[in-house]
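Heads up, the thing below is written out as structure tokens.
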Amino acid sequence: MNKRRKITEMRQSAFVGRSENLSFLRSLIPIRANEISIDLVIIYGIGGIGKSTLIERFNNELTTQKITHARLSARTQTSVYDCLISMYQQLEPVLPFTQFKRDLKRHEEIENRIFSRSDLPSPVLRAFVKSSRVALSLVPIPGVAAINELISAEDMEAQINKIYEIVGRKDGNYWIQPEVELTSHFVADINQYCARQRLVILVDEYEHIGSLDGWLRDQLFANLECYALLILAGRRRLDSPEWAEFNDLIVQVELSPFSEREAREYLHHRNIHNEALIDAMVDRADGHPLVLSLLSDIAMHSSCDDLGAIPKNHEITYLLIERLTRNIASELRSALEVCAVLRVIDEDRLAYMLEISDVGSLFNSVRIFEFVRIGSDGISLHETVRDILLDELRWRNPIRYDELNLRAITYYERLLAQASGSDLDRTTQEYLYHSLCADESRGLQEFLRIAEEVDNQWMTNKLGDLLRSMSNFPFDQINSKMWYAYYQARLDQMSGRIAAADPVYWQIAARTDIESLLRAYALSNIGMALCTAERLGETITSSQAIRVCEESQRLLPVNDPKRFVNYSSLASIYRRIGRWEEAIMTLVEARNMAIEHNNRYQVANVSFNLQMLFFDRTDWYKGLKAREEGLHQVPSETSGIRAALLGVTSAGLIWMGRYADATRDLSEAIEIEGRSNRYSLFHAMSISELGLALGMQGHFLQAHERIQEALVIQAQFSQSLGIQRARSLNFRGIVQFHQGLLAEAIVSLEESLSIRRTFNDNFGMPEVILWLGTCYEALLRWDDAIAAYNSVLKLGVGRFYYECCAIIGVIRSMLAQPDKNNSDNKKLRTHITQARIIAEKYEYNDCLAYLFTVVGHANFKLCVDTLSQAYKDTVQFYKLAMIYALRYNSLLLDDILVGRSPQLATEPIARYCQRRMPLGQQVLSDLRQWWATGVNTTEHSSAETITIIPTGISLLHAEQIARELESAAQSPYGSVLTSLDEILEN
199 MNKRRKITEM RQSAFVGRSE NLSFLRSLIP IRANEISIDL VIIYGIGGIG KSTLIERFNN
259 ELTTQKITHA RLSARTQTSV YDCLISMYQQ LEPVLPFTQF KRDLKRHEEI ENRIFSRSDL
319 PSPVLRAFVK SSRVALSLVP IPGVAAINEL ISAEDMEAQI NKIYEIVGRK DGNYWIQPEV
379 ELTSHFVADI NQYCARQRLV ILVDEYEHIG SLDGWLRDQL FANLECYALL ILAGRRRLDS
439 PEWAEFNDLI VQVELSPFSE REAREYLHHR NIHNEALIDA MVDRADGHPL VLSLLSDIAM
499 HSSCDDLGAI PKNHEITYLL IERLTRNIAS ELRSALEVCA VLRVIDEDRL AYMLEISDVG
559 SLFNSVRIFE FVRIGSDGIS LHETVRDILL DELRWRNPIR YDELNLRAIT YYERLLAQAS
619 GSDLDRTTQE YLYHSLCADE SRGLQEFLRI AEEVDNQWMT NKLGDLLRSM SNFPFDQINS
679 KMWYAYYQAR LDQMSGRIAA ADPVYWQIAA RTDIESLLRA YALSNIGMAL CTAERLGETI
739 TSSQAIRVCE ESQRLLPVND PKRFVNYSSL ASIYRRIGRW EEAIMTLVEA RNMAIEHNNR
799 YQVANVSFNL QMLFFDRTDW YKGLKAREEG LHQVPSETSG IRAALLGVTS AGLIWMGRYA
859 DATRDLSEAI EIEGRSNRYS LFHAMSISEL GLALGMQGHF LQAHERIQEA LVIQAQFSQS
919 LGIQRARSLN FRGIVQFHQG LLAEAIVSLE ESLSIRRTFN DNFGMPEVIL WLGTCYEALL
979 RWDDAIAAYN SVLKLGVGRF YYECCAIIGV IRSMLAQPDK NNSDNKKLRT HITQARIIAE
1039 KYEYNDCLAY LFTVVGHANF KLCVDTLSQA YKDTVQFYKL AMIYALRYNS LLLDDILVGR
1099 SPQLATEPIA RYCQRRMPLG QQVLSDLRQW WATGVNTTEH SSAETITIIP TGISLLHAEQ
1159 IARELESAAQ SPYGSVLTSL DEILEN
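So the number in this note's numbering is just where the residue sits in the sequence shown, counting from 1, plus 198.
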């Protein structure tokens, strides 16, 4: 029997109390039909109350009863990969794991192919490798340089591209980030079991879960079959809003102190039989298991039968540990000091710290203490005991405390040379922790450097893990405490919890006893929050928001990267209030600064903001150029900035007609965001836009599923009734319109508009009112339609696409009412000219297609015969309509020609011609002949174009390209020639 098992059995034999808790847990194991299912149990209580002991006991009972189960520790399993592998290793003797095993084998095969090459730098490989077996074979990098090289490698993108060259993009992405696919197949494999039999997953020390909370909730727990039982143990109730939807499946159990009977029973099990001593112990412990454990250890190591003058108050634990460490051998005391300084220890670490080659017996002496926890990566002290030992060491021997921390820094520097993947993150965190312990001021600078790098890359998970690793650090300096509070607020802000972040920022900004840089950073993030439509529409004026950003700029050093955040916030404010040129100039200034300092992250970040600015203004070409520049600068295929560039503003791609491109980019963005922070507003925005893209392609069921998913995520945040919700409802209304569900579409659009009006969001109203007008058109409510379109024009916010669409909507509605044509003929011509100028300037191909279609229809009424000028003009207008529709996409080409979407107000060319025979037949015949032999060209063309289809090629070739680009869309029609031939034959 190995020593670890022997110690575990010794502890189990001493287990007392908790009979009600154990009975309750046991009662959940049998599967009973027709009973309300409990799928999640939360065991919570103060430190030292016995949560881990209860979990350990129940875990052993499950083993004895051969109930399939796995146990995790949120403190030691700190990555998705770690959790999956640990559960797989525990469950694999029972479950076949068909898909998951195949995934692991695939990952190993890809890894072997990559590591067979000698031209990839080891830091790049270490950043992604999951296998310590491979990591240990890499060339070491000495000292702190490892951290700098691994965290901030500026050539990472080039090296990742090399990986793609070796194994291909798909396998490369899988090797770099296998967690999403691994999780999916892990769940699929265990669901085959727990759909029929009980399976238990226990997670201890849940207070350390950090960013893995979202993964465990949304990707694991939410997808498990009915007989899976999840048990979480931690210090706090599980009451975050993200878990609220599962409340009916959850039972929360608070552990209470031992009763007097249980306390006495525990002491008897520890071989303490002196009744007077037991009375004193019970009296002083007050039912707290950890205190009883410490009292027992004192009795075991000092053989004393009396507790002296230990008082019964909150200082008892300090006094007990002091008494305990006073009565043990000096070597064991030194080992406990090392255990207090290092957060996790094994024989190698203990030997290095004590400079002793053989520490086996000493290590075993430490781990038999009741307050020592045994984990997969070593042993650790109970947190309460560790905190007290640290306080005592710092007070008694500060020089020794500093020496141990400096030696720990050296130790972790050595490990950094070989660390990889999640091990690299953990080692970096330990290095940083001990840097702070050794010299708080210098360690703080290292902490700020790493935190800002993670922040700049929008890596929410990594920031959460970093903060979690520092959560118990006893900061002494006010600046350190406030910086930590600042980054906690920043994590809330990045995760969409603005209401939690705002008060912290304002408190920091108002302080006069902290460094000005920290105040500047807090003000900068306040400005970031104030620039949203929700805040500008509440009590904050644009001038107030601008002053906040300008004050932050005043406090910041000239070259501080935080200036870029202020530039972006100012530009967003200017954009919201229609000061477009100032917004552009602000971002151009920011881009020039980023280029001057060769800051690729910030070039990408500013490019994202420029893309968003131009897409919001509906200047598609300039938005695309900013997007291309940003993606070129992104240093990692998996960075948050790349996800933002691909995802947040892809609605611009949709309105350009590039549905397939938008679907592809949004899918990639969602994949990246999902690894980072599922419950973020950026993630919800991308999902919502993907729903719109799918809906525009005719995939209505998938579209509504995605939009609903976005709405659920948005409901987790304080902005749930804000602009992002309005945006998702707008998209829902557009999809419903294309389904032909006009009444439902109007309801969705009106709710969206109501939200925007609540926040005085004039900027966002045009895109909603425009589609309301389109619905009214489809219902033949012409006056309502014209009123809606005129409302768009009156807003005058400088979003030209929506204004152009509104003008064309007015034209359609006027032409649909013949009795108004004569009196408004001049006005109609003015509208046509105005719409054409705007659409040609900004290449709104769909607007031009609709415009030339309705003008062609109007002109057709003047045709007498095929020789008249009106006939020639009509055919020419239809030709232009078809070319511009082609340049938009093949779906609009079908709509314009034969009517893919019957609810569209513009009557398709073929249907209109069929109602005007025989001239209509000749028009269609002429169009067919032209399409068979013609070229994709117009009088108005430019080298600066948004269309992918080259000009100057044959129309047949151009159509082939267009249909290939949108091949995933649902369209019942074939080619233009096929459609026209069928119509002409009939």
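Cβ atoms here follow ideal geometry from the backbone N, Cα and C, with glycine treated the same way. Values in this document were obtained by computation on a predicted structure and should not be read as measured data.
Quick test of your reading: residue i and residue j, contact by CB under 8 angstroms. State the CB separation rounded to the nearest angstrom.
i: V846; j: M883; result: 5 angstroms
i: I1189; j: L252; result: A question about residue 1189 goes unanswered here, because the residues of the chain that appear run from 199 up to 1184.
i: R923; j: L909; result: 7 angstroms
i: L453; j: I247; result: 5 angstroms
i: A426; j: D237; result: 7 angstroms
i: A891; j: A860; result: 4 angstroms
i: V1096; j: S1177; result: 5 angstroms
i: I839; j: Y799; result: 7 angstroms
Report the partner residues of residue i according to the DSSP bridge assignment.
i: A431; result: I241
i: D546; result: D546 is not bridged to any residue.
i: A426; result: L397
i: D863; result: Answer is none; D863 lacks a bridge partner.
i: G889; result: According to DSSP, G889 bridges with nothing at all.
i: S1152; result: V1133
i: E402; result: Per the sequence shown, residue 402 should be read as Asp rather than Glu. For D402, which the question treats as bridged, DSSP gives the partners S271.
Considering only C-alpha positions, which residue in the set the options is nearest to residue i?
i: S848; options: E827, H830, D814, V832; result: D814
i: V746; options: Y1000, S284, L728; result: L728
i: V278; options: L414, L289, R396, R647; result: L414
i: V398; options: D416, K760, L223; result: L223
i: L664; options: Q675, Y685, I676; result: Y685
i: N389; options: A420, L410, G641; result: A420
i: K368; options: E942, E638, L428, E866; result: E866
i: R640; options: S950, R930, I607; result: I607
i: L1013; options: L993, L1049, N1043; result: L1049
i: Y682; options: E650, E1183, A708; result: E650
i: N796; options: V449, V763, V832, S766; result: V832
i: D711; options: I744, N677, P701, T730; result: N677
i: S578; options: L422, S555, R592, L534; result: L534
i: L970; options: G962, N960, L951; result: L951
i: Q1158; options: L1089, I1107, I476; result: L1089
Looking only at its chain, what residues have a beta carbon closer than 7 angstroms to the beta carbon of residue i, apart from the 5 residues adjacent to it on each side?
i: K679; result: F673
i: G1172; result: none
i: E975; result: A983, G1007, R1010, S1011, A1103
i: Y703; result: A687, A720, N723, I724
i: A769; result: A781, T784, L785, N807, L811
i: P509; result: The predicted position of P509 is uncertain, since its pLDDT is 42 and thus under 50; no value can be drawn from it.
i: P338; result: Caution is warranted here: a pLDDT of 32 is assigned to P338, below 50, making its placement in the model unreliable, and the coordinate value is therefore given only provisionally. So the list reads A615, Q616, once near-sequence residues are dropped.
i: A344; result: In this prediction, A344 has a pLDDT of 34, which is less than 50 and means its spatial position is unreliable; what the coordinates show is noted afterwards. Contacts found: L614, A615.
Locate the alpha helix (DSSP H) running through residue i, then write down its first and last residues.
i: G821; result: 818-831
i: L380; result: 377-392
i: R709; result: Looking at the DSSP string, R709 is not in any alpha helix (DSSP H), and its letter there is neither H nor E.
i: R605; result: 596-614
i: G838; result: 838-845
i: S950; result: 940-956
i: L1095; result: 1088-1095
i: Q800; result: 798-815
i: C1111; result: 1107-1112
Closer than 8 angstroms by C-beta to residue i: which residues in its own chain qualify, once you throw out the five before and the five after it? Chain order, please.
i: N257; result: H267, R269, L400
i: V365; result: I308, R311, I312, W373
i: I1005; result: Y987, L991, H1029, Q1032, A1033, I1036
i: N1196; result: With the chain represented from 199 up to 1184, any question about residue 1196 goes unanswered, as that position is not in the structure.
Could you give the first and the last residue of the continuous beta strand (DSSP E) run that contains residue i?
i: G573; result: 570-573
i: R269; result: 267-271
i: L579; result: 576-579
i: Q1185; result: Missing from the structure shown is residue 1185; the chain here goes from 199 to 1184 and no further.
Leaving out the 5 sequence neighbours to the left and right, which residues in its chain are closer than 6 angstroms to residue i when beta-carbon positions are compared?
i: G341; result: In this prediction, G341 has a pLDDT of 33, which is less than 50 and means its spatial position is unreliable; nothing more can be read from the coordinates.
i: V239; result: I429, V449
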